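The structure appears right after this line, and notes come after that.
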Amino acid sequence: REPTHHTGSRLRMPPPIAIIGLDCAPPRLVFDEFRGEMPHLSGLMASGSFGPLGSCHPPITVPAWSCLASGYDAGQLGIYGFRNRTSRGYEEMSIAFSPAVQKPRLWDHFTAAGRTCLCLGVPQTFPIERPPRGIMVADFLTPDKTAAWVHPPELAAEIDRAADGDYPLDVRDFRTDDKARLWHEIRDGTRRRFQAATHLAARHPWDLFFMVEMGTDRLHHGFWHFGDPVHPRFPGEGSQNPFRHAMRDYYRELDGHLGRLLAVLPREALVLVVSDHGARAMHGGVAVNQWLVRQGYLVLRECPSQPAPLAKLKVDWEKTIAWSEGGYYARVFLNVAGREPQGRIPPADYERWRDRLITELEGIPLQPEPTRVYRPEAIFHECRNIAPDLLCYFGNLSWRSVGTVGWPEIFVHENDTGPDEANHDWEGIFISNRPLQAAGRGRVEGLRLMDVGVSILNHAGLPVPEGSAGRPSIVWQHG
């Protein structure tokens, strides 16, 4: 028998699996603050198991969702962020689109086993070069809908109709001061994407349903300071804070969309609601390349009068020890002789320089938490492609890394990529409608993002990839 499921079919063997991803959703909001506002998510928690889900290194959308879906860590994937070095040159960077993921992900395994998949918006699925058996709607990295964003392409019109005429791939320009426009677009986009997902889940066959909603991420980056009294830019209560309850109101609406989706899923389906990482107040940014300039480790031929990206500046690479990429965390690269084109550090001094930079970076005084710096080989099973020499989490993710140079101070309170009020955090969420075997019904601790995908494969009776960082340690009760 072909193991394909449809809500109208009585023959479902083995049971289907539905994964609903809420990018950036934090335990604090879902399990505590807003739980009483979300009857459908609360119902899943009451009937099954839930708990914080330890994210990966780095806790960033790309590569975190591919780590979850493959079971391989970022080093094994060779993907260390949205943009990655493509050579040992100083400026060659590329965006990690789907071809960057060389390991099979959940839908690849299900397809190879002859099972049908329905995937919507899972990061790193554009371009759709290895389509699953079934349906795939590409992710937010899709430039626009003139590109091939649906497989099979003839479903594009149906998906648009189900989304009130236009399926939105993402929120445009979410780093903006126009909060009224952003608030409307986030809510409207989430509604439309869930309408399309609900339509497809009800009318098309699938064994694996996997969607990721990015509206939660856009909400936190745009509105966190309005709702968090400990945020340094909290506007206060009352009329000066028109978005004081925006996050609560969004999660309330999100729960309604989720309820309508849950209503069309097969009753026997294993349903998971997960996030790739959490969110926390961003206290500011550390101008990491500015710091490297001040330390004498990054040498410029001419200093800019206003903040500018390193790629637009004239760097004296022969005198430079290190440089960095900005973002939610800092990737620090060393300029090693015989490795980089104009390397300065003798290979014999490589570890000495790494030790020195770790000590000095961790010594930057930050509140509320200290900085954490890691060697990649200490946190990854292997380091494919070109890994950073150091991974630096300023304030343990309470401060972001600002890569531009030309700031008057090292500590900045403007984001060089536009207004952004939240950084990522180390724990996402895990909710299962079915209790776990070891913990039973209720809250469970110690869950890891790396284990989710391979545990799903194990539950579905499919082989777990050899050598993966993830382990099939999440086991569900039968029935």
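First residue of the sequence shown: 169, per our numbering; consecutive thereafter. Think of the CB as a built atom: it goes at the ideal place given N, C-alpha and C, for glycine as much as any other residue. Source: prediction; values computed, not measured.
Where residue i sits in the DSSP three-state scheme
i      : result
ASP593 : strand
CYS657 : Here the chain has residues from 169 to 647 only, and residue 657 is not among them.
THR172 : Unreliable positioning characterises THR172 in this predicted model, as indicated by a pLDDT of 48, which lies under 50. A coordinate reading is not provided.
TRP459 : helix
GLY629 : coil
TRP575 : coil
VAL643 : coil
GLY452 : strand
ALA447 : strand
LEU466 : coil
LEU558 : strand
VAL339 : coil
TRP275 : helix
ALA479 : helix
VAL432 : helix
VAL146 : Any question about residue 146 goes unanswered here, given that the chain covers just 169 to 647.
ASN564 : helix
GLY282 : coil
SER210 : helix
PRO267 : helix
PHE548 : coil
TRP374 : coil
ARG401 : coil
ILE296 : coil
PRO587 : coil
ASP241 : coil
SER177 : Low confidence applies here, because SER177 scores a pLDDT of 42, under 50, leaving its location unreliable; read the following figure in that light. Coil.
ALA637 : coil
ARG196 : helix
DSSP bridge partner residues for residue i (one or two, in chain order)
i      : result
ARG253 : MET261
ILE599 : PHE218, VAL441
GLU493 : ARG499
LEU288 : VAL305, MET379
GLY608 : LEU604
ARG616 : GLY222
VAL318 : VAL305
Whole-angstrom C-beta distance between residue j and residue i, which should lie under 8 Å
i      : j      : result
MET450 : ALA590 : 6 Å
ASP375 : THR293 : Between THR293 and ASP375 the Cβ distance is about 18 Å, and since that is not below 8 Å, they are no contact.
TRP233 : PRO182 : Not quite, the Cβ-Cβ distance comes to about 24 Å (not below 8 Å), so this is no contact.
GLY571 : VAL456 : 7 Å
VAL632 : ASN626 : 6 Å
LEU430 : HIS208 : 6 Å
ILE187 : VAL442 : 7 Å
ALA490 : PHE501 : 6 Å
ASP588 : ASP385 : Not really, about 11 Å apart at Cβ, beyond 8 Å.
PRO195 : GLY446 : 6 Å
LEU197 : ALA237 : About 24 Å separates the two Cβ atoms, so there is no contact after all.
ILE599 : ALA437 : No, ILE599 and ALA437 are not in contact; Cβ-Cβ is about 14 Å, not under 8 Å.
TRP459 : ILE578 : 5 Å
Element boundaries [beta strand (DSSP E), containing residue i]
i      : result
ILE185 : 185-190
GLY390 : GLY390 -> not in any beta strand (DSSP E); alpha helix (DSSP H) instead, spanning 383-395.
TRP567 : 567-570
TYR542 : 540-542
Alpha helix (DSSP H) segment containing residue i, residue limits
i      : result
PRO220 : Taken as a continuous stretch (DSSP letters only), PRO220 belongs to no alpha helix (DSSP H), being part of the beta strand (DSSP E) at 217-222.
TYR248 : Taken as a continuous stretch (DSSP letters only), TYR248 belongs to no alpha helix (DSSP H), as it is neither H nor E.
ALA324 : 324-330
ARG371 : 347-371
TRP233 : 229-238
Contact test: residue i Cβ vs the ligand HEM heavy atom, cutoff 7 Å
i      : result
ARG203 : Among the ligands in the structure shown, none appear at all, so the ligand HEM cannot be discussed.
Minimum length 4: unbroken alpha helix (DSSP H) runs contained in the region 497-535: 518-530
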